[in-house]
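S.K.:
2 protein chains.
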Amino acid sequence: MCEANAYLNTVEGKEELLMEGVNILRPDKDGVYLRSIFGEQKVVKARIKEMQLLEHRIILEGDGGSI
Amino acid sequence: MCEANAYLNTVEGKEELLMEGVNILRPDKDGVYLRSIFGEQKVVKARIKEMQLLEHRIILEGDGGSI
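Line order of the protein sequences matches chains A and B. Mind the numbering: the first sequence is residues 109 to 175 in this note's numbering, read in order. Mind the numbering: the second sequence is residues 109 to 175 in this note's numbering, read in order.
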């Protein structure tokens, strides 16, 4: 299946795994809504930096806090 | 493979196929950069509305003009 993992590039320059198996992703005014194939949902303070679909990677940047 | 098709929701409420086989997607200040597995590249005046990865769908909204 074609879900992806979402990673957060933090302001300190690190890459953290935010969520595995992301299916739905929806940017909004304050952050990004993520929903996984496992039913997990999250809204994080971040914006989309890049998606690499063949690599199953979603890269976000921001502070990554929950909203 | 896990590339997706990018669709544009136009201001007239229509959905247009913008690019097939998208691998890389990168939002920037003025629009969204798209690159397909076929080597096609495009920057369109739009923003990401939603991604549905299991459905291989990327939905953008905006006027969709080239930059």
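For every residue, glycine included, the Cβ atom is placed at its ideal position computed from N, Cα and C. This structure is a prediction, so every number in the text was calculated from the model and none was measured.
1. Would you be able to state if there are at least three C-beta pairs under 8 Å between the segment 115-133 of chain B and the segment 155-172 of chain B?
2. For the segment 135-152 of chain A, list every residue whose C-beta sits within 8 Å of some C-beta in chain B, in sequence order.
3. Determine contact between the segment 122-135 of chain B and the segment 138-150 of chain A, defined as no fewer than three beta-carbon pairs at a distance below 8 Å.
4. Can you give me the start and stop residues for the beta strand (DSSP E) that A112/B sits inside?
5. Let's see if you can read the secondary structure: which residues bound the beta strand (DSSP E) around S187/B?
6. Mind listing the chain A neighbours of N131/B? Cutoff is C-beta to C-beta under 8 Å, in chain order.
7. Say whether chain A places a C-beta atom closer than 7 Å to the C-beta of I175/B.
8. Report yes or no: is there a C-beta of chain A within less than 7 Å of the C-beta of E111/B?
9. What's the gap between the Cα of V152/A and the Cα of E128/A?
10. Where P95/A and A154/A are concerned, what is the direct C-alpha to C-alpha distance, given to the nearest angstrom?
M.R.: Quick look at the numbers:
1. With the rule of 3 Cβ pairs closer than 8 Å, the segment 155-172 of chain B counts as touching the segment 115-133 of chain B.
2. Taking a C-beta cut-off of 8 Å against chain B, the contacting residues of the segment 135-152 of chain A are P135, I145, listed in chain order.
3. Taking 8 Å as the limit for Cβ pairs, the verdict is that the segment 138-150 of chain A does not touch the segment 122-135 of chain B.
4. Counting from 1 along the second sequence, the entry for residue 112/B is found at position 4. DSSP places A112/B in the uninterrupted beta strand (DSSP E) bounded by 112-117.
5. Because chain B spans 109 through 175 in this model, residue 187/B falls outside it and cannot be assessed.
6. To locate residue 131/B, count along the second sequence from 1; it is residue 23. Correct list: Q160, L161, L162.
7. As a position in the second sequence, residue 175/B is number 67, starting the count at 1. False, the Cβ-Cβ gap to chain A never drops below 7 Å.
8. On the second sequence, residue 111/B is found 3 positions in, with the first residue counted as 1. The beta carbon of E111/B sits closer than 7 Å to some beta carbon of chain A.
9. Counting from one through the first sequence, the residue named residue 152/A turns up at place 44. Counting from one through the first sequence, the residue named residue 128/A turns up at place 20. Using only the alpha carbons, I get a separation of about 14 Å.
10. Outside the modelled stretch of chain A, which goes from 109 to 175, sits residue 95/A, for which no answer is possible.
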